[in-house]
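Asks: I'd like to ask some things about the structure below.
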Amino acid sequence: MKGFIDLVFEHAGRFYFVDWKSNWLGTDSGSYAPENIATEMARNFYNLQLSIYAVALHRYLQRRLPSYEYERNFGGAFYIFLRGVDPGKLDNGIFFTRPPRKFVEQLDDVFDGNS
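What follows is the structure, encoded as C-alpha cells:
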C-alpha cells in the first residue's frame, strides 16, 4: 500500500480525515452512487487503507490532545471520489464511516505487536 491522508480537519470537537480519490467509475453521476462507491472501496482494498489511517489518526490524537477520548474526539473518515461529487445529490461520490472504537484499538494493539 502506498498513500497518505490528504486532509485532517476538526468540526465540533471531532477530528476527521479525508482521502481524495480520482477513480473513473463511469460517465454519469449515477456511476458514483453510494452502492457503486462501496463496491469500489472493496475492490481496491480502500477499507484496509481506511483502517490503517484510522489507527494513525487515533495515535496522533492520543499524543496531541491531553484528554483524548475516541468516542468524543474521533469523527471518522471521508473518501471523496472527486469525479462523482454532485451538488444535486449530496451523498454522490462520498463515502463516510466511523470505525468502532474497539476495532481501532485492537488494530492499534496488533501494530504494536500485542495481538
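What the sequence shown shows, in our numbering, is residues 191 to 305, in sequence order.
Backbone N, C-alpha and C fix where the C-beta goes; we use that ideal spot for every residue, glycine too.
Bear in mind the structure is a predicted one, so any value in this text is a computation, not a measurement.
What residue range is occupied by the uninterrupted beta strand (DSSP E) comprising Leu251?
Replies: Careful: Leu251 lies outside any beta strand (DSSP E), inside the alpha helix (DSSP H) at 236-254.
Asks: For Asp218 versus Ile195, is the C-beta distance shorter than 9 angstroms?
Replies: no
Asks: Measuring alpha carbon to alpha carbon, tell me which residue in Glu200, Leu255, Phe268 is nearest Ala228.
Replies: Phe268
Asks: To the nearest angstrom, how far is it from the Cα of Glu295 to the Cα of Asp302?
Replies: The straight-line gap from Cα to Cα measures roughly 11 angstroms.
Asks: Would you mind stating whether Leu240 and Phe205 have Cβ atoms separated by less than 9 angstroms?
Replies: no
Asks: Using the three-state DSSP reduction, which class does Phe301 fall into: helix, strand or coil?
Replies: helix
Asks: Could you work out which residue in Pro224, Tyr260, Leu255 is closest to Arg288 when comparing CA atoms only?
Replies: Tyr260
Asks: Just verifying my parser: in three-state terms, what is the DSSP assignment at Val275?
Replies: coil
Asks: Cα separation between Ala244 and Lys211?
Replies: 17 angstroms
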